[in-house]
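Peer 1: There's a structure below that I have some questions on.
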Amino acid sequence: MDMQHTVNRGIPVISYEQLFEHYKDKIFSFAWKILRSKMDSEEAVQETFLKLYVNFERLDPAGSVSSLIFTTTKNICIDILRKRKTKLTLSHPMMKHEGWEDQAAEAVRPEDVLILKEASEDLLAAINKLPKAYRLMVYQRYVLDLSMEEIVEMNHMKMNTVKSRLKRGRDLLKKHMEKA
59 MDMQHTVNRG
69 IPVISYEQLF
79 EHYKDKIFSF
89 AWKILRSKMD
99 SEEAVQETFL
109 KLYVNFERLD
119 PAGSVSSLIF
129 TTTKNICIDI
139 LRKRKTKLTL
149 SHPMMKHEGW
159 EDQAAEAVRP
169 EDVLILKEAS
179 EDLLAAINKL
189 PKAYRLMVYQ
199 RYVLDLSMEE
209 IVEMNHMKMN
219 TVKSRLKRGR
229 DLLKKHMEKA
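Residue 59 is where the sequence shown starts when you use our numbering, and the numbers rise one by one after that.
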């Protein structure tokens with residue numbers, strides 16, 4: 059990013075246009091991973107940069123602008139999902155696990171499709187019963203399909219914290235699914 063330094067504080071000063079050019083594709087990609095819709099992802103990018111434009115003068119250049127942008131986008135995406143009231147269906151990213159396509163192809167009878175749908179709903183319900191710290195990590199990693207680095211940045215945590223919460227969350231999820 060082409061940045062100039064202020065004389066008195068040594069803090070990089072960037073224009074709104076530079077911020078937009080640097081982050082627009084990253085924000086779209088991030089929103090796409092959450093929303094899985096081009097139109098909704100474009101809307102999320104527009105809303106993010108609209109909020110940044112309105113509050114641009116209040117941005118602290120010494121602060122983490124990147125974290126602010128991604129957190130704003132995440133919150134906008136959550137709002138869009140709430141408006142959609144997304145239900146877990148066979149086309150939901152949660153169902154994109156290894157071997158699912160083969161199962162769906164074999165599931166020609168409506169009963170088989172219903173059984174697969176119920177299994178995915180049971181899994182999502184089990185994730186929702188996890189403690190909040192683990193639920194968030196498991197949901198972001200396996201439902202939203204975010205990378206470990208994206209989870210670290212979004213939640214302002216260390217990589218080892220994310221890894222341990224994911225492992226504990228998976229272990230608890232496995233125990234819960236075995237009981238059911």
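Heads up, the beta-carbon is just placed ideally off N, CA and C, and yes, glycines get one too.
#1: Going by DSSP in three states, ILE127 sits in which element: helix, strand or coil?
#2: May I ask you to verify whether the region 182-197 touches the region 92-112, counting CB pairs closer than 8 Å and requiring at least 3?
#3: Between the alpha carbons of ALA177 and SER124, how many angstroms are there, rounded?
#4: Could you check whether the region 225-236 touches the region 179-195, counting it as contact only if at least three pairs of C-beta atoms, one from each stretch, sit closer than 8 Å?
#5: Buried or exposed, going by whether 16 or more other CB atoms sit within 10 Å of the CB of LYS36?
#6: How big is the Cα-Cα spacing for ASN213 and SER205?
#7: On the premise that PHE78 lies in contact with GLU211, defined as a C-beta separation below 8 Å, what is that separation, rounded to the nearest angstrom?
#8: Run through DSSP, which three-state label would GLU164 get?
#9: Looking at the secondary structure, which residues open and close the alpha helix (DSSP H) in which LEU231 lies?
#10: Taking the alpha carbon of LYS91 as the point to measure from, which residue in ASN218, VAL220, LYS237, ILE209 has its own alpha carbon closest?
#11: ALA184 and LEU231 - do their beta-carbons sit closer together than 7 Å?
#12: Within 10 angstroms of the Cβ of ARG116, are there 16 or more other Cβ atoms? Answer buried if so, exposed if not.
#13: What three-state label does DSSP hand ASP98 in the structure shown?
#14: Under the assumption that LEU93 contacts LEU139 (Cβ atoms under 8 Å), give the Cβ distance between them as a whole number of angstroms.
#15: Among the candidates VAL201, ASP180, GLU207, MET215, whose CA atom is the shortest distance from the CA of LYS237?
Peer 2: Reading from the atomic positions:
#1: Taking the first residue of the sequence shown as position 1, residue 127 is located at position 69. In the structure shown, ILE127 falls within a helical segment according to DSSP collapsed to helix, strand and coil.
#2: The answer is no - the region 92-112 does not touch the region 182-197, with fewer than three Cβ pairs under 8 Å.
#3: In the sequence shown, the residue the question calls residue 177 occupies position 119. In the sequence shown, the residue the question calls residue 124 occupies position 66. Approximately 38 Å, taken between the alpha carbons.
#4: A contact exists between the region 225-236 and the region 179-195.
#5: The first residue shown for the chain is 59 and the last is 238, placing residue 36 beyond what the model contains.
#6: Taking the first residue of the sequence shown as 1, we reach residue 213 at position 155. Taking the first residue of the sequence shown as 1, we reach residue 205 at position 147. Their backbone Cα atoms lie some 12 Å apart in a straight line.
#7: Taking the first residue of the sequence shown as position 1, residue 211 is located at position 153. Taking the first residue of the sequence shown as position 1, residue 78 is located at position 20. That belief does not hold up - the Cβ atoms of GLU211 and PHE78 are roughly 19 Å apart, past 8 Å.
#8: Indexing the sequence shown from 1 puts residue 164 at position 106. For GLU164, the predicted model reports a pLDDT of 49, less than 50, meaning its position is unreliable and no value from the coordinates is stated.
#9: Residue mapping note: residue 231 aligns to position 173 of the sequence shown, counting from 1. Looking at the DSSP string, the run of the alpha helix (DSSP H) that includes LEU231 is 217-237.
#10: Walking along the sequence shown from the start, residue 91 turns up at place 33. Minimum Cα distance to LYS91 is reached at ILE209.
#11: Taking the sequence shown and counting its residues from 1, one reaches residue 231 at position 173. Taking the sequence shown and counting its residues from 1, one reaches residue 184 at position 126. Contact: yes.
#12: Taking the first residue of the sequence shown as position 1, residue 116 is located at position 58. Exposed, by the Cβ-count rule.
#13: Walking along the sequence shown from the start, residue 98 turns up at place 40. Reduced to three states, the DSSP call for ASP98 is helix.
#14: Position 35 of the sequence shown, counting from 1, holds the residue named residue 93. Position 81 of the sequence shown, counting from 1, holds the residue named residue 139. Correct: roughly 7 Å between the Cβ atoms.
#15: Indexing the sequence shown from 1 puts residue 237 at position 179. Closest option to LYS237, Cα to Cα, is ASP180.
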